[in-house]
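Basically the numbering used here = 1-based index in the sequence shown + 38.
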Amino acid sequence: MHLLSSGRASKVYALSDNLVLRRCSWNPEPEARLMAHLRDQGYPVPEVFRIDGTDMTMERLHGPTLAEGMTSGRVAPPAAAAIMLDLFERLHQIPAPDWLPGESRGLDLNGRTILHLDLHPENIIETPAGPVVIDWTNAAAGDPAVDRAVSWAILAELDPEALPLDPAPLRDALARDLPATALETALRFRETDTNITADEHARARALAARLTP
Numbered sequence: 039m040h041l042l043s044s045g046r047a048s049k050v051y052a053l054s055d056n057l058v059l060r061r062c063s064w065n066p067e068p069e070a071r072l073m074a075h076l077r078d079q080g081y082p083v084p085e086v087f088r089i090d091g092t093d094m095t096m097e098r099l100h101g102p103t104l105a106e107g108m109t110s111g112r113v114a115p116p117a118a119a120a121i122m123l124d125l126f127e128r129l130h131q132i133p134a135p136d137w138l139p140g141e142s143r144g145l146d147l148n149g150r151t152i153l154h155l156d157l158h159p160e161n162i163i164e165t166p167a168g169p170v171v172i173d174w175t176n177a178a179a180g181d182p183a184v185d186r187a188v189s190w191a192i193l194a195e196l197d198p199e200a201l202p203l204d205p206a207p208l209r210d211a212l213a214r215d216l217p218a219t220a221l222e223t224a225l226r227f228r229e230t231d232t233n234i235t236a237d238e239h240a241r242a243r244a245l246a247a248r249l250t251p
């Protein structure tokens, strides 16, 4: 198998031109169940074909990530923001199934809408059929504003000096009309992630302070 990508908790291997195997460090069945539900509702996610222990065989997507499109200059920040906001709007119109938990990392997410909770340009693949959202590991039910706030926090954690382009325009689009309570929940959610550094948390907190009176 050819390794396509490797993350903090999973690796993705090419099985063929149409299939990949995602090898996880957790049980992927709840994620696969949600992805099947979303596909039934017409939301753009990869099709899952098989679960075998911690291995998930699913549709192979072809195309760059939205992050790659932005870095190359092919996708301008306003266009990237429009893509993300449209994906949020479409997702948040789908009621959460009863079996999707409304808590995550010890936090009550205050609602019954499906939340991705890791939606950023690296998790959006620009396929010939349109953008497709991947990596549903964090998904839960909650307040839609929290979902957008988590994406804002992810971008706020980034060191702008280490990036090829300024994330501020995309961050600003996500921050528009965000309730302070949703922003605080998102920051606390991110702060439970042991993979995030203290400097990243501090950057997000400093930028959040500018958004709230």
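Built from N, CA and C at the ideal position, the CB exists for glycine as well.
Here the structure is a predicted model, which is why all the values come from computation and not from measurement.
Cβ-based burial, residue i [other Cβ within 10 Å; buried from 16]
| i | result |
| --- | --- |
| residue 69 | buried |
| residue 114 | exposed |
| residue 201 | exposed |
| residue 142 | buried |
| residue 154 | buried |
| residue 151 | buried |
| residue 194 | buried |
| residue 64 | exposed |
| residue 224 | buried |
| residue 111 | exposed |
| residue 233 | exposed |
Own chain residues within Cβ distance below 6 Å of residue i, not counting five before or after
| i | result |
| --- | --- |
| residue 42 | 50 and 52 |
| residue 92 | 62 |
| residue 221 | 187 and 246 |
| residue 121 | 169 |
| residue 158 | 189 and 192 |
Cα-Cα separation, residue i to residue j
| i | j | result |
| --- | --- | --- |
| residue 235 | residue 134 | 31 Å |
| residue 109 | residue 203 | 7 Å |
| residue 179 | residue 149 | 6 Å |
| residue 130 | residue 139 | 16 Å |
| residue 119 | residue 211 | 6 Å |
| residue 265 | residue 230 | Past the boundaries of the shown model lies residue 265; the chain is included only from 39 to 251, so the question cannot be answered. |
| residue 182 | residue 127 | 9 Å |
| residue 145 | residue 184 | 11 Å |
| residue 59 | residue 137 | 26 Å |
| residue 47 | residue 175 | 10 Å |
| residue 209 | residue 244 | 14 Å |
| residue 45 | residue 125 | 23 Å |
Residue i Cβ short of 7 Å to the ligand ATP heavy atom set
| i | result |
| --- | --- |
| residue 98 | This structure simply doesn't include the ligand ATP, nor any ligand for that matter. |
Sequence-distant residues of the same chain with beta carbon closer than 8 Å to residue i, five excluded per side
| i | result |
| --- | --- |
| residue 56 | 97 and 98 |
| residue 207 | 115, 116 and 119 |
| residue 39 | 51, 52, 53 and 59 |
Own chain partners of residue i with C-beta closer than 7 Å, once the 5 adjacent residues on each side are dropped
| i | result |
| --- | --- |
| residue 213 | 190 and 249 |
| residue 75 | 135 |
| residue 102 | 164 |
| residue 89 | 66, 67 and 70 |
| residue 107 | 113 and 164 |
Element boundaries [alpha helix (DSSP H), containing residue i]
| i | result |
| --- | --- |
| residue 211 | 206-213 |
| residue 44 | Where residue 44 is concerned, there is no enclosing alpha helix (DSSP H), although the beta strand (DSSP E) it sits in stretches over 40-44. |
Boundaries of the beta strand (DSSP E) in which residue i is found, first to last residue
| i | result |
| --- | --- |
| residue 169 | 168-171 |
| residue 61 | 57-62 |
| residue 90 | 86-90 |
Stretch-stretch touch, CB-based, cutoff 8 Å, three pairs: the region 82-95 with the region 162-176 | Yes, the region 82-95 touches the region 162-176.
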